[in-house]
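Engineer: My questions all concern the structure below.
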Ligand SMILES: [Zn+2]
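Shown next, in the form of C-alpha cells:
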C-alpha cells in the first residue's frame, strides 16, 4: 500500500449499477484509482456502506438559497423575475458554500451552470469558481453561460412592456446584454482554466435564449474540439408552447439540424419532451438531467422518465439548486426520484439497477463524459462515498433489513461518513475538510445582508412585473413571435 492509499472497510457495498454485495469487505484506493476490492470478510461489523460518489448532473452553485432572498417557489417564468433579487456577494464564497453543502450530502461530481452576478466580471467569477472547486475538492463541470436572445419574454415582449408601464419597461429594455461573439470569446478564455477540479463546457442557457448562429458555432466547436455542451431544454409548459409555435417542424429536430445533438450534449429538465423527441435524443447519444425537486418546486411537472427508458435515453439526477427541503440533500433527492419514477402498483418503470445507473454512472457521464467511473471496482476512479448505518439501522431486526432498502427509504446527508474524490478525503462525518464552511456561510450571509441594505429593491415594482409576466404567459402571448429578429431591439 502506498502512503496515500486508503483502505476502507464496509458491511455492505453498492458497486454501482450492478448493485449490492452482501457481506463485509474492504476497498483500497489512491489518487489514481481503486486498486482492490475484497469481499466476503467475516470480521465484526463496521457500521458502514460504501458506494460510488453521487453526481449532480445539473446545478447553478448559488450559495444563497433563492427562497432566502425573496424568490419564492413559483412557475419558472414568474420565479425568474425575482431571481435578480439575489444580493451580490464574493463569487468565491457563493460557489464554495454551494459546493461544500453538496459535498456534505455525498455529491463529488457536479455540473455548474454559472449564473453571472456581473457579466463584465465573468472571467473573474470563473476563476473564483475554479478556486472554490479546488478548495472543496469536488469535480465541477463549469457551463459558460451564453444567452441574450429573447431577453425579455419567449415571444413578442410588447404586451409585457405595455403592462408594466413606461418606466419599468425602460429599465427592463436597458438591461445590458453582451454580444454573442464576445460571450464566445470569453468562453475560450475560460476553457484555458481547465484543471482536474474545473472542467469548462459550453453553456447555451436554453434554445429560447440563444440564436441559431451561436448554437451552430457551439455545435461546430464541440465537434472539432471534443468539448461538452450543457443546455436547459423544454423545462416548462410555456417553453413547450413557445417551441411548438416558433418551430412547427419541431424544436428538437431543428437543434439536430444545427448539429447540436451529440453524445457530448447534456440537456437539463426535458419535462416536456415527446416520445419522438426522446427517441431522437437517444439516437444521437444525448444525456438528460432529471431535476425532480426543481421540477416540483418551479411547477414544471414530472419528467417523463418512462418515455426516456422506453426510448433508451440515458439520464442522470440533478438538483438545480432547488432540493426538496432546500438543504442540498442528494440522498433525499435520490429517494424522490425513485419513489416518483419507479412506477405505481405492480408496474415497474424504473428498476433499482437503472436508478443507480442514473445517479452514479450516467449522471457522471452527463457531467464528465465517459470515464469508466461510477463503480467500485479495481481500475475505476477513486470517487467513493461511505454512509454510516447506525442511525439508519437503529431499529432493524438483525439479518433482515437490506442496506439498499434502508438507503432508499431513510438515508440523508446526516448519514454521510466520508467522501473521497481523486482519492482525497474531502468530507468526514458531515464536515468539509478543505474549507471552513460555517465561517464561509457566515461571511456570505453578512455580505448578502449588507448588499441588500445598500441597494434596497423596489419590491412593489418587482410584484407588478411579476404579475405582468404571469398574465403574459397565462394568456399565451409567448406563442406570438417578436417582429424582426427576436430581442434585437434590446441588444446593444
Ligand atoms: Zn437550471
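In full-length UniProt numbering, the protein residues as written are 1 to 492. Glycine is no exception: its CB is placed at the ideal position from the N, C-alpha and C atoms. Being a predicted model, the structure only gives us computed values, none of them experimental.
What would DSSP say about residue 1, mapped onto helix, strand or coil?
Structural biologist: Low confidence applies to residue 1: its pLDDT is 45, below 50, so where it sits in the model is not reliable enough to give any reading.
Engineer: Please report the Cβ distance between residue 199 and residue 140, rounded to the nearest whole angstrom; I am assuming they are in contact, meaning their Cβ atoms lie under 8 Å.
Structural biologist: Right, the Cβ-Cβ distance comes to about 7 Å (below 8 Å), so this counts as a contact.
Engineer: Taking 8 Å as the cut-off, decide whether the C-beta atoms of residue 101 and residue 328 are in contact.
Structural biologist: Their beta carbons are under 8 Å apart, which means residue 101 touches residue 328 by this criterion.
Engineer: Return the CA-CA distance between residue 58 and residue 289, expressed in angstroms with no decimal places.
Structural biologist: Cα to Cα, residue 58 sits roughly 6 Å from residue 289.
Engineer: Taking just the CA atoms, how far does residue 263 sit from residue 252?
Structural biologist: The straight-line gap from Cα to Cα measures roughly 15 Å.
Engineer: Alpha carbons only, please: which of 248, 333, 107, 209 is nearest the one belonging to residue 147?
Structural biologist: Of the candidates 248, 333, 107, 209, the one whose C-alpha sits nearest the C-alpha of residue 147 is 209.
Engineer: Give, in chain order, every unbroken run of the beta strand (DSSP E) that is at least 3 residues long and sits entirely within the segment 73-154.
Structural biologist: Listed in chain order, they are 107-113, 139-146.
Engineer: Does at least one heavy atom of ligand 1 sit under 7 Å from the Cβ of residue 358?
Structural biologist: The answer is no for residue 358.
Engineer: Nearer than 7 Å: is that true of the beta carbon of residue 320 relative to any heavy atom of ligand 1?
Structural biologist: Yes.
Engineer: So residue 419 and residue 106 are in contact, right, with Cβ under 8 Å, and what is the actual spacing, rounded?
Structural biologist: The pair is a contact, with the Cβ atoms about 6 Å apart (cut-off 8 Å).
Engineer: Look at the alpha carbon of residue 114 and the alpha carbon of residue 429, and state the distance between them as a whole number of angstroms.
Structural biologist: Using only the alpha carbons, I get a separation of about 29 Å.
Engineer: For the segment 405-472, which segments carrying the beta strand (DSSP E) assignment without a break, of at least 3 residues, lie completely within its bounds, in sequence order?
Structural biologist: Correct list: 416-421, 424-428.
Engineer: Quick check: the Cα distance between residue 390 and residue 5, rounded to an integer number of angstroms?
Structural biologist: Rounded to the nearest angstrom, the two C-alpha atoms are 26 Å apart.
Engineer: Report the CB separation of residue 163 from residue 471 in whole angstroms; it is logged as a contact under 8 Å.
Structural biologist: Indeed they touch by this definition, with Cβ atoms about 7 Å apart.
Engineer: Flag this pair as yes or no: are the beta carbons of residue 123 and residue 189 separated by less than 8 Å?
Structural biologist: Yes, the pair counts as a contact, with Cβ atoms nearer than the cut-off.
Engineer: Pair every Cβ in the segment 303-323 with every Cβ in the segment 344-364, then say whether three or more of these pairs are closer than 8 Å.
Structural biologist: A contact exists between the segment 303-323 and the segment 344-364.
Engineer: Taking all protein chains shown into account, do 16 or more other C-beta atoms lie within 10 angstroms of the C-beta of residue 292, making it buried, or fewer, making it exposed?
Structural biologist: Residue 292 should be labelled buried.
Engineer: Apply the 10 Å Cβ neighbour rule to residue 446 and answer buried if 16 or more other Cβ atoms are within range, or exposed otherwise.
Structural biologist: Exposed, by the Cβ-count rule.
Engineer: Closer than 7 Å: is that where the CB of residue 113 sits relative to any heavy atom of ligand 1?
Structural biologist: Answer for residue 113: yes, Cβ within range of ligand 1.
Engineer: Look at the alpha carbon of residue 244 and the alpha carbon of residue 480, and state the distance between them as a whole number of angstroms.
Structural biologist: Whole-angstrom Cα-Cα distance: 11 Å.
Engineer: Looking at the structure shown, is residue 488 part of a helix, part of a strand, or coil, going by DSSP?
Structural biologist: Per-residue confidence for residue 488 stands at a pLDDT of 39, beneath the threshold of 50, marking its modelled position as unreliable; the derived number appears in the next sentence. DSSP places residue 488 in helix when its eight states are reduced to three.
Engineer: Mind checking which residues open and close the beta strand (DSSP E) that includes residue 36?
Structural biologist: Note, residue 36: beta strand (DSSP E), 33-41.
Engineer: Are there 16 or more other CB atoms within 10 angstroms of the CB of residue 22, so buried, or fewer, so exposed?
Structural biologist: So residue 22 ends up on the exposed side.
Engineer: Could you pull out every residue in the same chain whose Cβ sits closer than 7 Å to the Cβ of residue 131, ignoring the five residues on either side in sequence?
Structural biologist: Cβ within range, chain order: 92.
Engineer: Could you please give the first and the last residue of the uninterrupted beta strand (DSSP E) stretch that includes residue 56?
Structural biologist: Element bounds for residue 56: 54-56.
Engineer: Following the continuous alpha helix (DSSP H) through residue 183, name the residue where it begins and the one where it ends.
Structural biologist: Start and end: 180-191.
Engineer: What first and last residue would you give for the alpha helix (DSSP H) that runs through residue 308?
Structural biologist: Taken as a continuous stretch (DSSP letters only), the alpha helix (DSSP H) holding residue 308 covers 305-311.
Engineer: Counting only the same chain and skipping the five closest in sequence on each side, list residues whose C-beta sits under 6 Å from that of residue 406.
Structural biologist: Answer for residue 406: 392, listed in chain order.
Engineer: Using the Cα positions of residue 490 and residue 68, report the straight-line distance between them to the nearest angstrom.
Structural biologist: Confidence in residue 490 is poor, its pLDDT being 36 and thus under 50, which makes the residue's placement too unreliable to answer from.
Engineer: May I ask whether a heavy atom of ligand 1 can be found less than 7 Å away from the beta carbon of residue 268?
Structural biologist: For ligand 1, at least one heavy atom lies less than 7 Å from the Cβ of residue 268.
Engineer: Does the distance from the CB of residue 383 to the CB of residue 17 come in under 8 Å?
Structural biologist: No.
Engineer: Could you check what DSSP says for residue 344 in three-state terms: helix, strand or coil?
Structural biologist: If DSSP states are grouped into helix, strand and coil, residue 344 belongs with coil.
Engineer: So, under 8 Å CB-CB, residue 270 and residue 234 are touching, yes? Tell me the CB distance rounded to an integer number of Å.
Structural biologist: At roughly 6 Å, the Cβ-Cβ gap stays under 8 Å, so residue 270 and residue 234 are in contact.
Engineer: With DSSP run on the structure shown, which of helix, strand or coil describes residue 234?
Structural biologist: Reduced to three states, the DSSP call for residue 234 is coil.
Engineer: Hey, is residue 232 close to ligand 1, as in C-beta under 7 Å from one of its heavy atoms?
Structural biologist: Yes, since a heavy atom of ligand 1 falls inside the 7 Å radius drawn around the Cβ of residue 232.
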